[in-house]
Structure formats: C-alpha cells, structure tokens
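Residue numbering for the sequence shown follows the numbering used here, starting at 58 and increasing by one per position. The beta carbon of each residue, even a glycine, is placed where N, CA and C say it ideally should be. Note that this is a predicted model, so its numbers are computed, not measured.
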Amino acid sequence: MTSVLERSRRVLTRLVSRTAPLVRTAVVAGVAVAVTTTVSAVGAPGQDSGSGFEPGGGSGGAHWVDTWTSMPQLTEPHNMPPAPFTEDELVLDDSTLRQTIRTTIGGEKLRLRFSNAFGGAALPITRVSVALPEDGAAGVARIEPGSSRPVTFGGRSSVVVPTGAQMVSDPVDMKVPARTNLTVTVYLADGQASSSITSHPGSRTTSYLAKGDHTTATDLPGATGTDHWYFLSGAETWAPHPRAAAAVMLGDSLTDGRGSTTNGNNRWPDLLQDRLAATAATSHVAVVNQAAGGNRVLDDGLGPNALARLDRDVLARSGARWLLVFEGINDLGTAEATETAQRRTADDLIVAYRQIVTRAHAQGIRVHGATLTPIGGNQMYDDPGGVREAARQRVNDWIRTSGVFDAVIDFDRAVRDPDAPARLHPLYDEGDHLHLNPAGYAALARAVPAGLFR
C-alpha cells in the first residue's frame, strides 16, 4: 500500500509542476473555476435548448431575477373560480384563464412559474401564452394584436404540475420592460380534478375566465371577471445588469395591499419600486411581494406561517439579495387579550424574527425589519385594556433597539397619528383603523431608505 501511495504522490507532484499556473489560478478562484470549466464544456452560453442556464451568468453578468411574485396559498371556498368554472371536484375544465401581472425590473427574456403547492390533484396545463395588454393597462381582457408569444416547457406546449410542486417555463425570447403590465393566458383542456387549488386571492387585479381555448385571442368577449390570481406564482427576467437583484417583501394584508386600488398597482411595494426605478443606483432592484392577507409569523392562517414558507417564498427566489420583514400584527391580534398570552406571543415573535434573520443570513441575504403599525380603534384587534397595544410597543422597541436586523424601517412612526400614537393618522386610514389607503401606502414607501438596496 505504501509503494502505491508513493507512486501516486510522485505522479501528482509531476502533474502539479507542469500545470503550476493553472493550479495557482484554481487556488485563488476556488471550486468555482473547476465547476465553470466543467459545465462550459456542455455547451456555449445560450445554446442549451431552452433551459435558460448560462454558466457563471450571461454576457456581462446577466442572470435570472424574479421580476414579479405572488404568494401561493390554498384557495378558500368563496375565492374559488365562479360558476360554471368550479364543479364538484373539477375546476376550470375546458377553460381559459387570462391574468395581468406587473413587472418590476426589465430584461431580455422571461420565464414563468406555475405552482400546484396546495392542489389536491395534478395540475394539467394545456397551453400558455404571454402578451402585452391593450394600452398597457392592468386588469383588461384585451391584448395588443400581434404581441402574443407561446410559452413552452421543455419544448412542449403542455405541462403537468405534480401535486405540491411547481414548474418553470422555458425562456420566452421577448424584451421585458420594467414596471410594465403583462398578460398571461392559460388554457386547461381537462381542468384540475380537485376542489383544492392554488391561488393568490388578494390579487387586487382583475382576471378573466372563458370556456374553450382562447390562448391567443385578442379579446375575450363575454368573459367572467374575478379579482384573484390562480396557479401563477412568479415571473423571472434575464436581467442584463450584473448587480440586478430582488428585494423580497415578507408580510400580511398591509403588504398585500388591502385598501389599495384594484388594478391600480399602488400597494406600498409597487410605490417603492417606482421610487427605486427613478434613481440609477437602485434601478436594478426588483421589489417582489410575498405577502398575503391574514398571514402570521408563528401560526398558519391564510397561508402557511412565515417561518414555514420562508424557504419557498424568500430563500429560493431567483436573485434574492434583501429581505424586508413587516409582519406580526396578526399574531398579536389573534392571541388572547391577556397579559400572559400577549407576553408569550411577543416573546415568540422575537424568537421568530431571530430565526428569520439567521436563516436568511446563511444564504447571504440582508434582512431589514419594519415596525408594526397601529391598531388603535380596530374592532377586532384593539382591546379595552390596551394589552395588545402594549405588546405591539414591546415588539417595536425590540425591532428598533436589538440590533438583530441589518436595518430598521420605522413604519409605525411613518403612519401613526402624532396626537394619538396608538392610532393610524386619519389621512392614511382605510377606514377600519388597521389597513391603509393609497396615501398611507405611499407614506410607507417613502419611509424605506433607498440606500438600503445600493
């Protein structure tokens, strides 16, 4: 055995001496050089038959970044597609679904994600197309003539998304403008054979349903409108800017945009995107929304709790570099209004925030924390003894002073009434003393320092 090892050592020594420059390069660059070299032998960038993979990024550092997302969740009965598109254990049979999404940053190509995370059966998608909506508007059924492009999966027009899974399309060769509405049309020939389907009910954007295959139709006359997104959970763009990256917003209905304008794209993440796009130093940042109404940090509610969905909704997102956490008010609001229950919930929230930061930092993602906004006067969450308000103040004090987050955004201060700090400012109150109107969401967007994403 010793002689074999010695001979191997001598052979390796001669090899190293003959390739010393290459070895020195490998030592400096590490494993990445070896991996890049190995993969590059498979095919030149852009010649991989549609997978979209380009070793080490594309020319000039181009890479995939999420330009739009929606948090998948199980569809509640009252948010299912309206009749006749929902039958007994069958949804969207022989049906076309047309939906509008809004991009954040632009790019040279597009690919789409479809989720069956909560489906009770496989999701068979027959055809998909992407187009520009008429006049660039959100929530319209018409598309610009000649703008429709087919979407494929491994070169095929159809795909079956297994239960609990997601599928990413092939890249579509189309220029993706920044902050622009796109129309995605899906046809299901056989529907989904389950009454459990995946959606994002709080779309604040109108979608359209029609019987038959109208994937490339310019218009859908007589279509049924519904303000929900179904199955579509993400859109990625091949971003040319080498520093292009995504800032993920993790939140509840206040980030999902309850109180904003339907088809108005004036949730606070939308308005923050507009701010960042106006400056060259931050124009490459995609603000993507991973929030849902009723969501909680600690326990499942409308959708899985934030700790459970962190990997799927944040850590696995393409190009994610920042995370902004603005969530926790539903945990306090649904816990009993007793000092013991509120103390325990506040303690658990603090532990959960630490967990989120730890797990995100392990993936190289910086985490910014936002203080919880007022609940004073809200019929469900405010209590006569002010126990929940005291817990909110305690959580906010920890967010501001603990030093756990990489930065703190004081949303509480941005929208509270200076004369009654436990309440929202009247100019920002949507009416229920919990959610904000568009002016309030604009105040939140202004409160986020753009420098956090440079």
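Proximity to residue i [Cα-Cα], best of the options
| i | options | result |
| --- | --- | --- |
| Leu406 | Ala392, Ile422 and Leu266 | Ala392 |
| Val122 | Arg170, Asn238, Val216 and Ala296 | Ala296 |
| Gln412 | Phe462, Leu501 and Pro475 | Phe462 |
| Gly269 | Thr183, Pro139, Gly291 and Phe468 | Thr183 |
| Val225 | His285, Thr263, Glu293 and Ser264 | Glu293 |
| Ala235 | His298, Leu266, Asn136 and Phe510 | His298 |
| His135 | Asn173, Asp370 and Pro258 | Pro258 |
| Ala419 | Leu372, Arg401 and Val452 | Leu372 |
| Asp302 | Ile162, Ala337 and Tyr438 | Here residue 302 is Ala; the residue named in the question, Asp, does not match the sequence. Checking every option, the nearest Cα to that of Ala302 belongs to Ile162. |
| Leu169 | Ala349, Ser317, Gln223 and Leu266 | Gln223 |
| Ala377 | Leu311, Asp309, His341 and Thr272 | His341 |
| Gly351 | Leu329, Pro141, Arg315 and Asp474 | Arg315 |
| Asp357 | Gly460, Gln130, Leu429 and Leu509 | Gln130 |
| Leu329 | Ala447, Leu509, Val424 and Asp284 | Leu509 |
| Glu133 | Asn323, Glu191, Ala349 and Gln436 | Ala349 |
| Val452 | Glu384, Pro190 and Val505 | Glu384 |
| Arg457 | His425, Pro475 and Leu289 | His425 |
| Thr124 | Tyr438, Asp327, Leu355 and Gly196 | Asp327 |
| Arg470 | Arg366, Tyr438 and Ala427 | Ala427 |
| Met437 | Asp313, Asp388, Pro139 and Ala403 | Asp388 |
| Leu147 | Leu239, Ala246 and Phe171 | Ala246 |
| Gly360 | Ser310, Thr272, Leu381 and Ala464 | Ser310 |
| Trp379 | Val243, Val505 and Ala365 | Val505 |
| Thr126 | Asn323, Asp370 and Asp227 | Asp370 |
| Val408 | Gly433, Leu364, Ile386 and Leu429 | Leu364 |
| Phe171 | Tyr244, Asp145 and Gly196 | Tyr244 |
Straight-line gap, residue i to residue j (C-alpha atoms, nearest Å)
| i | j | result |
| --- | --- | --- |
| Ala496 | Glu201 | 32 Å |
| Gly193 | Asn320 | 12 Å |
| Glu165 | Asp454 | 44 Å |
| Asn362 | Tyr410 | 13 Å |
| Leu484 | Phe468 | 15 Å |
| Leu307 | Gly421 | 17 Å |
| Arg503 | Ala304 | 16 Å |
| Leu491 | Gly390 | 11 Å |
| Pro181 | Met128 | 20 Å |
| Pro478 | Pro431 | 7 Å |
| Ala500 | Arg416 | 30 Å |
| Ser260 | Trp286 | 6 Å |
| Ala274 | Ser204 | 11 Å |
| Val344 | Ala398 | 35 Å |
| Thr339 | Arg511 | 6 Å |
| Asp486 | Gln347 | 23 Å |
| Ala337 | Asp331 | 12 Å |
| Asp151 | Tyr265 | 14 Å |
| Ser108 | Thr209 | At Ser108 the pLDDT is 45, less than 50, meaning the model places this residue with poor confidence and gives no usable figure here. |
| Gly212 | Val185 | 12 Å |
| Ala101 | Ala119 | Here Ala101 scores only 28 on pLDDT, less than 50, and its place in the model should not be relied on; the value that follows carries that caveat. Taking the straight line from one Cα to the other gives about 15 Å. |
| Gly291 | Val241 | 11 Å |
| Asn435 | Val382 | 22 Å |
| Thr95 | Gly117 | Residue confidence is low: Thr95 scores 24 on pLDDT, short of 50, so the model does not pin down where it sits. Its coordinate-derived value is still stated next. If you take the alpha carbons of Thr95 and Gly117, they lie about 20 Å apart. |
| Asp227 | Arg480 | 48 Å |
Beta carbon proximity, residue i to chain D, threshold 8 Å
| i | result |
| --- | --- |
| Asp454 | Although the question refers to chain D, the structure presented lacks it and comprises just one protein chain. |
Beta-carbon contacts of residue i that lie in its chain and below 8 Å, excluding the five residues immediately before and after
| i | result |
| --- | --- |
| Ala394 | Asp440, Gly442, Val444 and Arg445 |
| Thr70 | With a pLDDT of 41 at Thr70, under the threshold of 50, the modelled position of this residue cannot be trusted; read the value that follows with caution. There are no such residues. |
| Ser215 | Pro181, Ile182, Thr183 and Arg184 |
Contacting residues, own chain, Cβ-Cβ under 7 Å from residue i (five flanking each side not counted)
| i | result |
| --- | --- |
| Asp276 | Ala198 and Arg199 |
| Gly176 | Thr220, Gln249, Ser251, Ser253, Ile254 and Thr255 |
| Ala507 | Arg332, Leu333, Thr336 and Thr339 |
Own chain residues within Cβ distance below 6 Å of residue i, not counting five before or after
| i | result |
| --- | --- |
| Arg206 | Val187, Val229 and Met231 |
| Thr237 | Thr160 |
| Asp368 | none |
| Met137 | Thr143 |
| Trp325 | Tyr498, Leu501 and Ala502 |
| Val217 | Ala179 and Pro181 |
| Ser106 | Here the model assigns Ser106 a pLDDT of 35, short of 50, so the residue's position is not dependable, and the following value carries that caveat. Nothing meets the Cβ criterion. |
| Arg400 | none |
| Leu493 | Gly316, Tyr485 and Glu487 |
| Ser375 | Trp121, Val122, Asp123 and Glu293 |
Q) Looking at C-beta atoms only, is the number of pairs between the region 147-161 and the region 280-290 that lie closer than 8 Å three or more? A) yes
Q: Only counting runs of 3 or more residues, tell me where the beta strand (DSSP E) segments fall wholly within the region 409-446, in order along the chain.
A: 423-427
Q: Quick one: which unbroken alpha helix (DSSP H) runs of 4-plus residues sit fully inside the region 245-325? Chain order, please.
A: 310-313
Q.
Going residue by residue through the region 174-211, where are the continuous beta strand (DSSP E) segments of at least 3 residues, counting only ones entirely within it?
A. 180-182, 184-188 and 206-208
(Q) As an exercise, report each continuous alpha helix (DSSP H) stretch of at least 4 residues that is fully enclosed by the region 446-501, in chain order. (A) 468-472
**Q.** Inside the region 338-408 only - alpha helix (DSSP H) runs reaching at least 4 residues
**A.** 363-367 and 386-391
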